[in-house]
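2 protein chains.
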Amino acid sequence: MSDKFNLFSSPEALTYLLEYLRNPRSVAIVGASPDVRKIGNAVLDNLIESGFEGQIFPVNPSYNEMMGLRCYPSLDHLQKGLDLVVIALPAKAALDVLDQCVRNYSRFVVIIAGGFSETGDEGRALEDQIKAKITGSQTRVVGPNTVGLLFPHSGLNTALTPSDRLFYPGKGSVAFISQSGALGLLVMDSITEYGLGISGFVNIGNRADVTEIDLLSMFADDPNTRSIVMYLESLASGEQFFSKAKEVVSKKPVVLLKTGMSREAAKAASFHTGAMATDDRILNDVLRQAGVIRAYDEVQLLDYGKALAYQPPLRGDRIAVITTAGGVGVLTTDLLTNPQDSIRLRMAGLDEKEQAELKRHVLPIASVSNPIDLTADGSTEAYESILNILTESENVDGIIAYALPQTPKIGIDIVHALKEASRKKPMVVGVIGYRLATKVLIELESVKVPAFPSVRRTTDAMKALYLYGLYRRRLENEH
Amino acid sequence: MSDKFNLFSSPEALTYLLEYLRNPRSVAIVGASPDVRKIGNAVLDNLIESGFEGQIFPVNPSYNEMMGLRCYPSLDHLQKGLDLVVIALPAKAALDVLDQCVRNYSRFVVIIAGGFSETGDEGRALEDQIKAKITGSQTRVVGPNTVGLLFPHSGLNTALTPSDRLFYPGKGSVAFISQSGALGLLVMDSITEYGLGISGFVNIGNRADVTEIDLLSMFADDPNTRSIVMYLESLASGEQFFSKAKEVVSKKPVVLLKTGMSREAAKAASFHTGAMATDDRILNDVLRQAGVIRAYDEVQLLDYGKALAYQPPLRGDRIAVITTAGGVGVLTTDLLTNPQDSIRLRMAGLDEKEQAELKRHVLPIASVSNPIDLTADGSTEAYESILNILTESENVDGIIAYALPQTPKIGIDIVHALKEASRKKPMVVGVIGYRLATKVLIELESVKVPAFPSVRRTTDAMKALYLYGLYRRRLENEH
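Given below as structure tokens:
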């Protein structure tokens, strides 16, 4: 994308414009269809189902009515200046509709079709036509080759997979930018298990126009967004990414899963910048300088996003661990303090007064040195008392609490105790098990306490809070 | 444990004896109780619920009858030579009952109570009494400080957590030895989510008598066991572990999660041998020589156990990846071939003939170079055809297949196609998502295809199959 046709190059214009993408008042779906085998069917259905309160205009010359809505023969028959047009037609047909969008002053156009630059030279020529058509216009394009957008706070879901095959997240505070559509959809389906919501999802696809850099700006200004996670196989521009990310990180945490790092994966993905893309260590250095937290798989990506959205960064590296299962405490200690790990935290050392206080709430056999192991006798009440001591302690920067509902004295009320403590000091929670554990995970999600179903995911999330604290302090010192 | 009182030092005697632990004909529960707050209640209830078909003898002088069974005042009132006695009484009372066990020739005794060596000098003296009492006797002790045993193939569950708080796995082929009771129970609860079964679980606790080395022997000889996974915080004897593990690995894969590796975790766990426990790299070398696969967290431990139980080891490092989601293929490639990872696999290079064959089954936009990306158009039929090509290919050592049921042409019948292919060439399957994905994971588990709910877990499992192949070939060359 060259700056000469980019309206977004003015920050004020950008913020103003992207508001229409995030929260449109009117959406047309060109290629809307009553045929469930057509993508235009799922897109229209998802938009209606997601509770969109603006105007919805199905566009298809073969129908007068669709799903209870009036259907239009073409965009030319609709009001000018629509906020959002979704084109659910094949590549060449989509290009014709794009002309209509431009002449009708549509603000944002989502081109779903593949068959562009990802397929070779012929497709690249088609994609160049997209750029040419919108140059100098008021129309911006998301895609092509995109599964669509999801903005739950606006009741906007233009994704192409029917909701009986895939669950879409509800309102939340994690923004998700994905270059891959399928991976994005699968990850969104996954996170609905415990009810994690998002502030928005955009699949940038081939990013003929709107890039991850524009969207970083958008989510940085979005009051619903508390953290931004990104899946990228290549960077639109390494330099612009670096400076934009650095700016955003001073406001909100940014997490990046960047694939295509191995020579073999490079063959499977595409690259824009030479060195950054081929050398993982160089990318690592650049991201560290920008303050972007790296995730290395799709689970970490959303886990980090969740932890960072729900909890403030750590001010130091001293972690207290509380558990009712001794082995879980030992494993947590190992994973937190592993000397071979690039991010290593410390076990908080509690002073004698604190240890004496702790002793009042546990059986004599329990361990009050860190990790604090209440044993199977541990109760919700004991957790509350101990969490009070830990949140007050000047020796503790963060708390990892295990909520293990399999023992008789831990009830669902543990959720309330954890919620209260998590408002006082950075905390992540681990929950291991199946049925009862899943219930606790869902309850913790509902009160926005970041909780995870394994020791590794719990300790990794704490490391993300630590890293963001480190980056924020460094960025503050630079100013 | 000194050899002079260890009947197990003769391998024949060991195999003979441990059969009584794994498949007892008679079980007495001393301290059985109708009071749901007592451990003896849950133990008796779990034993009855698990469908144990041998004799069950509740022992408690205060009752004549319990849960429909005749209750006995003491072991002295029962037949001699019981196969298994579970003592659900506090430490000192348990010692008295142990005397009764010895004089009545009980074969195995599970001492649940804590309050022994894990609590300090006084407890250590009590634990020494256990050893003294059974020296020269025909009685062997599991524990103390153990949550019990689970042998689903024998309908035997003596665990202490009621089954309404925790799900127990059914019959399977993964054996699980755990030094930590709580961690063991939590992990078992977790794996029931998709229905993974086990061949047995033993929490060795303080291992006053029976150690992980004895149990390695037992599971090595157990026809129901195809892989053995262990959680240990310390080794009973580094030297014995090394030689026994090496012997077992030549028959069955062994996976170890060893905690207490960091200085901080060492404080939380206890250690027996100096160097092995304090230096992670030394342990790594030793385990590699013995052919033991290391897991680094509780999820990996059972994932590796499952993959190794269900699939043969890899004969080489060339992996083919098949997916309907491009991003998932790219990420898989990264995680498989990451040059910074200690275990690095290669992407199989398919020859021109194979690529031409593949092309016949996919859309022109699909990628037939590895990773093979069928795109959202991929169907179960295309999977079947492509899997046939891959299982026949001499360029492919193992297959990672993603079963992603969110697209319209992939149905639950994908499970059958994957099952067939997994019988022909080593395969692991990845399934990402929530509702439909969970169904597919459960179906795949029911036909013993190792499947995992994330890209990382899928690629890690393939690496475990590779490592075991490497170890097996090396052990074979040594002979």
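Sequences listed follow chains A and B, in order. Per this note's numbering, the very first residue in the first sequence carries number 160; after that it's consecutive. Per this note's numbering, the very first residue in the second sequence carries number 160; after that it's consecutive. By construction, the Cβ of each residue, glycine as well, lies at the ideal position given by its N, Cα and C atoms.
Close-in-space but distant-in-sequence residues of the same chain around residue i (CB under 6 Å, 5 per side omitted)
{"i": "residue 301 of chain B", "result": "269, 369"}
{"i": "residue 412 of chain A", "result": "386, 467, 627"}
{"i": "residue 549 of chain B", "result": "479, 555, 558"}
{"i": "residue 404 of chain A", "result": "413, 449, 451"}
DSSP bridge partner residues for residue i (one or two, in chain order)
{"i": "residue 229 of chain A", "result": "A:224"}
{"i": "residue 505 of chain A", "result": "A:477"}
{"i": "residue 299 of chain A", "result": "A:267"}
{"i": "residue 310 of chain A", "result": "A:315"}
{"i": "residue 389 of chain A", "result": "A:336, A:415"}
{"i": "residue 594 of chain B", "result": "Answer by DSSP bridge pairing: none, since residue 594 of chain B is not bridged."}
{"i": "residue 214 of chain B", "result": "B:185"}
{"i": "residue 610 of chain A", "result": "A:588"}
{"i": "residue 362 of chain B", "result": "B:337"}
{"i": "residue 454 of chain B", "result": "B:416"}
{"i": "residue 526 of chain A", "result": "A:532"}
Close-in-space but distant-in-sequence residues of the same chain around residue i (CB under 7 Å, 5 per side omitted)
{"i": "residue 619 of chain B", "result": "459, 462"}
{"i": "residue 178 of chain A", "result": "none"}
{"i": "residue 314 of chain B", "result": "209, 210, 211, 212"}
{"i": "residue 448 of chain A", "result": "none"}
{"i": "residue 541 of chain B", "result": "520, 521, 533"}
{"i": "residue 433 of chain B", "result": "Any reading at residue 433 of chain B must be qualified, since the residue scores a pLDDT of 34, below 50, and its modelled position is unreliable; no value is offered."}
{"i": "residue 200 of chain B", "result": "192, 193, 194"}
Whether residue i touches residue j by CB criterion (9 Å)
{"i": "residue 277 of chain A", "j": "residue 524 of chain B", "result": "yes"}
{"i": "residue 263 of chain A", "j": "residue 292 of chain A", "result": "no"}
{"i": "residue 615 of chain B", "j": "residue 455 of chain A", "result": "yes"}
{"i": "residue 378 of chain A", "j": "residue 334 of chain A", "result": "yes"}
Straight-line Cα distance separating residue j from residue i
{"i": "residue 590 of chain A", "j": "residue 227 of chain B", "result": "37 Å"}
{"i": "residue 557 of chain A", "j": "residue 191 of chain B", "result": "43 Å"}
{"i": "residue 176 of chain A", "j": "residue 361 of chain A", "result": "16 Å"}
{"i": "residue 509 of chain A", "j": "residue 529 of chain A", "result": "7 Å"}
{"i": "residue 608 of chain B", "j": "residue 560 of chain B", "result": "11 Å"}
{"i": "residue 295 of chain A", "j": "residue 506 of chain B", "result": "45 Å"}
{"i": "residue 354 of chain B", "j": "residue 465 of chain B", "result": "11 Å"}
{"i": "residue 290 of chain A", "j": "residue 367 of chain A", "result": "7 Å"}
{"i": "residue 457 of chain A", "j": "residue 415 of chain A", "result": "10 Å"}
{"i": "residue 534 of chain A", "j": "residue 496 of chain A", "result": "22 Å"}
{"i": "residue 246 of chain B", "j": "residue 222 of chain B", "result": "17 Å"}
{"i": "residue 187 of chain B", "j": "residue 218 of chain B", "result": "7 Å"}
{"i": "residue 519 of chain B", "j": "residue 372 of chain A", "result": "39 Å"}
{"i": "residue 603 of chain B", "j": "residue 488 of chain B", "result": "20 Å"}
{"i": "residue 181 of chain A", "j": "residue 364 of chain A", "result": "17 Å"}
{"i": "residue 401 of chain B", "j": "residue 450 of chain B", "result": "9 Å"}
{"i": "residue 254 of chain A", "j": "residue 288 of chain A", "result": "8 Å"}
{"i": "residue 617 of chain A", "j": "residue 587 of chain A", "result": "7 Å"}
{"i": "residue 532 of chain B", "j": "residue 634 of chain B", "result": "37 Å"}
{"i": "residue 189 of chain A", "j": "residue 376 of chain A", "result": "28 Å"}
{"i": "residue 325 of chain A", "j": "residue 599 of chain B", "result": "13 Å"}
{"i": "residue 312 of chain A", "j": "residue 383 of chain B", "result": "53 Å"}
{"i": "residue 358 of chain B", "j": "residue 274 of chain A", "result": "51 Å"}
{"i": "residue 348 of chain A", "j": "residue 421 of chain A", "result": "27 Å"}
{"i": "residue 232 of chain A", "j": "residue 471 of chain A", "result": "51 Å"}
{"i": "residue 198 of chain B", "j": "residue 283 of chain B", "result": "23 Å"}
Sequence-distant residues of the same chain with beta carbon closer than 8 Å to residue i, five excluded per side
{"i": "residue 596 of chain B", "result": "563, 564, 565, 590, 612"}
{"i": "residue 157 of chain A", "result": "Because chain A spans 160 through 638 in this model, residue 157 of chain A falls outside it and cannot be assessed."}
{"i": "residue 539 of chain B", "result": "568, 569, 570, 572, 573, 576"}
{"i": "residue 636 of chain A", "result": "none"}
Any non-hydrogen atom of the ligand COA within 8 Å of residue i CB
{"i": "residue 465 of chain A", "result": "You won't find the ligand COA in this model; it holds no ligand whatsoever."}
Residues of the segment 488-516 of chain A whose Cβ lies closer than 9 Å to any Cβ of chain B, in chain order = 488, 489, 490, 491, 492, 493, 494, 495, 496, 497, 498, 499, 503, 505, 506
ask   = At a Cβ cut of 8 Å, what residues of the segment 581-595 of chain B count as close to chain A, listed as they run along the chain?
value = 591, 592, 593, 594, 595
query = What residues in the segment 387-403 of chain B have a beta carbon less than 7 Å from any beta carbon of chain A?
reply = 390, 392
message = Which residues of the segment 307-341 of chain B have a Cβ closer than 7 Å to any Cβ of chain A? Give them in chain order.
response = 320, 324, 325, 326, 339, 341
key: Positions along the segment 564-575 of chain B whose CB lies within less than 8 Å of some CB in chain A   = 564, 565, 566, 567
Proximal residues, the segment 452-465 of chain A versus chain B, C-beta separation under 9 Å = 455, 456, 457, 458, 459
Proximal residues, the segment 609-630 of chain B versus chain A, C-beta separation under 8 Å = 612, 613, 614, 615
request  = With 8 Å as the C-beta to C-beta threshold (strictly closer), list the residues of the segment 197-229 of chain A near chain B in chain order.
outcome  = none
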